[in-house]
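Participant: Numbering (my numbering), first residue to last: 136 to 374.
Ideal Cβ placement from N, Cα and C applies to all residues, glycine included.
Could you have a look at this structure, given as structure tokens, before my questions?
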């Protein structure tokens, strides 16, 4: 397929080899304004904003990916396969599942459990375990420690359903899963299939055990620690 694609209006070359993505396109816009030098908007299709600029001299793009596995599955697939993107780092919110994980902590998703059937397309004779690129995990840990941010590394659970009536979801907590989010498995599987790199870094926005939660405005505008880490990872990649 040539560019533009059905979902991205940019032309080949408009988007950098490294992309930091967020579910909320307004969070992508905020990252462009906060971190990028000379950002240029290269996509507005479906208001899924994408901006390309430089960060400390390195060319980088930031883009929204929407909510859920199907949405990030589409955007990351097109970026990897049609825009020659090599690395995607997702930053987003998550709900904590462990009592030692707190509001505002970072969760670096080394693996992503899921109830999605996204992997069925690959016709694998077993259960596939979607994982992040280890080099990106290591760089994210180094960055979090450099900044002095509280972080946790491990499994997340990524559901197809946000408002679930399934009480068995609690079993993920017993298996040591750190938090819930909704996108990492599709990103990790698309990266694996395309032989590319991927990582998901989340900020805890609510707590499944305690009921604590943040506002939509706080999630959009104040979750900058994960962004600091993501941009630091990009800086390390390019050096």
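Is the beta carbon of residue 170 sitting closer than 8 Å to the one on residue 362?
Facilitator: Closer than 8 Å, so yes.
Participant: Helix, strand or coil for residue 190 per DSSP?
Facilitator: Correct three-state label for residue 190: strand.
Participant: If I follow the unbroken beta strand (DSSP E) through residue 314, where does it start and stop?
Facilitator: Unbroken beta strand (DSSP E) run through residue 314: 314-316.
Participant: According to DSSP, what are the bridge partners of residue 342?
Facilitator: Answer by DSSP bridge pairing, in chain order: 231.
Participant: Of the choices 184, 185, 262, whose alpha-carbon is the least far from that of residue 324?
Facilitator: When each option's Cα is compared against that of residue 324, the closest is 262.
Participant: Spatial neighbours of residue 182 within its chain, please: CB distance less than 7 Å, with the 5 preceding and 5 following residues excluded, ordered by chain position.
Facilitator: Cβ within range, chain order: 160.
Participant: What runs of the alpha helix (DSSP H), each 4 residues or longer, lie entirely inside the region 269-325?
Facilitator: As far as the region 269-325 is concerned, its whole alpha helix (DSSP H) runs of at least 4 residues are 269-282, 306-309.
Participant: Going by C-alpha to C-alpha distance, which of 244, 153, 331 sits closest to residue 266?
Facilitator: Among 244, 153, 331, the Cα nearest to that of residue 266 belongs to 244.
Participant: Rounding to the nearest angstrom, what Cα-Cα distance links residue 279 and residue 315 in this structure?
Facilitator: Taking the straight line joining both Cα atoms gives about 20 Å.
Participant: Residue 317: buried (16+ other C-beta within 10 angstroms of its C-beta) or exposed?
Facilitator: The residue in question, residue 317, is buried, as its Cβ has 16 or more Cβ neighbours within 10 Å.
Participant: When you compare only the Cα positions, how much space is there between residue 285 and residue 136?
Facilitator: Going from the Cα of residue 285 to the Cα of residue 136 covers about 42 Å.
Participant: Closest by CA to residue 150, which one among 297, 237, 138?
Facilitator: When each option's Cα is compared against that of residue 150, the closest is 138.
Participant: Residues in its own chain within less than 6 Å of residue 366 by CB, not counting five upstream and five downstream?
Facilitator: The residues are 170, 190.
Participant: As a quick exercise: from 197, 187, 162, 330, pick the residue whose alpha carbon is nearest that of residue 352.
Facilitator: Nearest option by C-alpha distance: 162.
Participant: Nearest CA to the CA of residue 312: which residue from 301, 348, 294, 216?
Facilitator: Comparing Cα positions, the closest option is 294.
Participant: In angstroms, rounded to a whole number, what distance separates the CA positions of residue 165 and residue 200?
Facilitator: Those two C-alpha atoms are separated by around 14 Å.
Participant: Take residue 188 as the anchor and find which of 337, 326, 152 has the nearest alpha-carbon.
Facilitator: The option with the nearest alpha carbon to residue 188 is 152.
Participant: Do residue 223 and residue 333 have their CB atoms nearer than 8 Å?
Facilitator: The answer is yes: Cβ separation under 8 Å.
Participant: Cutting at 8 Å between CB atoms, please list the residues of its own chain near residue 232, excluding the five before and the five after it.
Facilitator: Excluding sequence neighbours, residue 232 sits near 292, 307, 308, 312, 313, 314, 315, 343, 344.
Participant: Could you please give the first and the last residue of the uninterrupted beta strand (DSSP E) stretch that includes residue 155?
Facilitator: Its beta strand (DSSP E) spans residues 153-157.
Participant: Apart from the five residues on each side of it in sequence, which residues of its chain come closer than 6 Å, Cβ to Cβ, to residue 172?
Facilitator: These residues qualify, in order along the chain: 188, 189.
Participant: Return helix, strand or coil for residue 145, following the three-state DSSP convention.
Facilitator: Looking at residue 145 - three-state DSSP - the assignment turns out to be coil, as it is neither helix nor strand.
Participant: What does the alpha-carbon distance come out to for the pair residue 341 and residue 206?
Facilitator: If I take the Cα positions, the gap works out to 22 Å.
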